[in-house]
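>
Numbering (the numbering used here), first residue to last: 269 to 616.
1) Would residue 542 be called buried (16 or more neighbouring beta carbons within 10 Å of its own) or exposed?
2) By the 10 Å Cβ neighbour count, where 16 or more other Cβ atoms means buried, how is residue 449 classified, buried or exposed?
3) Relative to the C-alpha of residue 325, which residue among 546, 360 and 500 is closest?
4) Checking 7 Å against the spacing of the C-beta atoms, do residue 452 and residue 556 come in under that value?
5) How many whole angstroms separate the CB atoms of residue 479 and residue 498, which I take to be in contact at a CB cut-off of 8 Å?
6) Determine the direct distance from the alpha carbon of residue 537 to that of residue 439, and round the result to whole angstroms.
7) Kindly list the residues whose CB is nearer than 6 Å to the CB of residue 593, restricted to its own chain and excluding five residues on each side of it in sequence; keep chain order.
8) By the three-class DSSP mapping on this structure, what secondary structure does residue 379 have?
9) Taking the straight line between their C-alpha atoms, what separation do you get for residue 314 and residue 405?
10) Among the residues of its own chain, which have a CB less than 8 Å from the CB of residue 586, if the five just before and after it don't count?
11) Tell me the start and end of each unbroken alpha helix (DSSP H) in the region 456-541 that is at least 4 residues and wholly inside, in chain order.
12) Run the CB neighbour count on residue 297, radius 10 Å, all protein chains shown included, and call it buried at 16 or more, exposed below.
13) If you follow the alpha helix (DSSP H) that residue 271 is in, where does it begin and where does it stop?
14) Please go through the same chain and pick out, in chain order, the residues whose beta-carbon is closer than 7 Å to the beta-carbon of residue 338, but skip the five residues on each side of it.
15) Which stretch, first to last residue, makes up the alpha helix (DSSP H) that contains residue 361?
16) Answer with buried or exposed for residue 559, where buried requires no fewer than 16 other C-beta atoms within 10 angstroms of its C-beta.
17) Using a threshold of 7 Å, state whether the C-beta atoms of residue 362 and residue 323 are closer than that.
18) For the alpha helix (DSSP H) that residue 434 lies in, which residues bound it at each end?
19) Tell me which residues share the same chain as residue 302 and place their Cβ nearer than 7 Å to its Cβ, disregarding the 5 neighbours each side in the sequence.
20) Quick check: the region 465-484 against the region 425-437, are there 3 or more CB pairs under 8 Å?
21) Whose C-alpha, out of 364, 603, 455 and 276, is nearest the C-alpha of residue 505?
22) Buried or exposed: where does residue 305 fall if 16 or more other Cβ atoms within 10 Å of its Cβ makes it buried?
23) Does DSSP put residue 425 in a helix, in a strand, or in coil?
24) Suppose you measure from the CA of residue 568 to the CA of residue 398; what does that come to, to the nearest Å?
25) Go ahead and label residue 357 buried or exposed: buried means 16 or more other beta carbons lie within 10 angstroms of its beta carbon, across all protein chains shown.
26) Residue 364: buried (16+ other C-beta within 10 angstroms of its C-beta) or exposed?
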């Protein structure tokens, strides 16, 4: 018999007298459970020992988090969701979770959190329950194959800023940060991408910015998806805004001491003061990304192009977010088709 610690779990192996070889007995959330399984296997009381049904949700959560390979910020979000689930469900024995428990959890989440948070929490619970099935804690999901009734995510409709509102925003931006606002408005880059933008990624000659990294938690890290790696063409106005008196190095945007942007501090001291002065308190930094997309669509840029420069996984994602901004071209298309039809008919 042997017990091995693998990641956050304990694996038990024992000698099978029938097969005449060592075989895998099971994986366990705690060393005590592994020792008990080892004893049961030795005494012949359980030839196929599995975790005892006393395993609680918090134990599954610990193992779930320990076995994930995640960025620090994502791990923090997952850990927060696990704690939320454990608290709201009262850290139940996993084998005792039933459909009623799940429905009650959905209700409690829905009264406290936004639909997106509810859905994310339930997705993580499902992942934890799947892990419990892998370990033999439960044989099937508490809700079987039935679909849970989760709140729908209502997409916030963004109404583009007027030209006058854009001017107010830029006029009220601090002198040292006005270029930051210009880059956000005319590239649609995400918050972390803006904060992590390096001068080596800016080509004023080619009039483009290469998005290849981001700032998260004070560190430069890779982008989340392959689609996020992209090249964004920039207008002449932005080339002028970015043109430095000498060839700079390092991050394009830093605090007064040359350090990477502390996003919470920047939000409080720069963003909130600027939008308040511009009388645009409802505006978020992410809204400037929507503003960029809406400006492109107003100029009849294709959905494929807009999707690419935004770093979306597919044009379908872009269309789902900005469909209300896509101009109705029915009349124009029918007029063109009518011209073709009449030309063909005249020739026949």
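For each residue, glycine too, the CB sits at the ideal point set by N, CA and C.
These numbers were taken from a predicted model, which means no experiment stands behind them.
According to the structure shown:
1) buried
2) buried
3) 360
4) yes
5) 5 Å
6) 16 Å
7) 562 and 565
8) helix
9) Unreliable positioning characterises residue 314 in this predicted model, as indicated by a pLDDT of 44, which lies under 50. The coordinate reading is nonetheless provided below. In a straight line, the C-alpha of residue 314 is about 15 Å away from that of residue 405.
10) 561, 571, 574, 575, 578 and 580
11) 459-463, 504-510 and 531-534
12) buried
13) No alpha helix (DSSP H) holds residue 271; the beta strand (DSSP E) holding it covers 270-274.
14) 346
15) Neither: residue 361 is in no alpha helix (DSSP H) and is coded neither H nor E.
16) buried
17) yes
18) 431-440
19) 271, 278, 280 and 296
20) no
21) 455
22) buried
23) coil
24) 46 Å
25) buried
26) exposed
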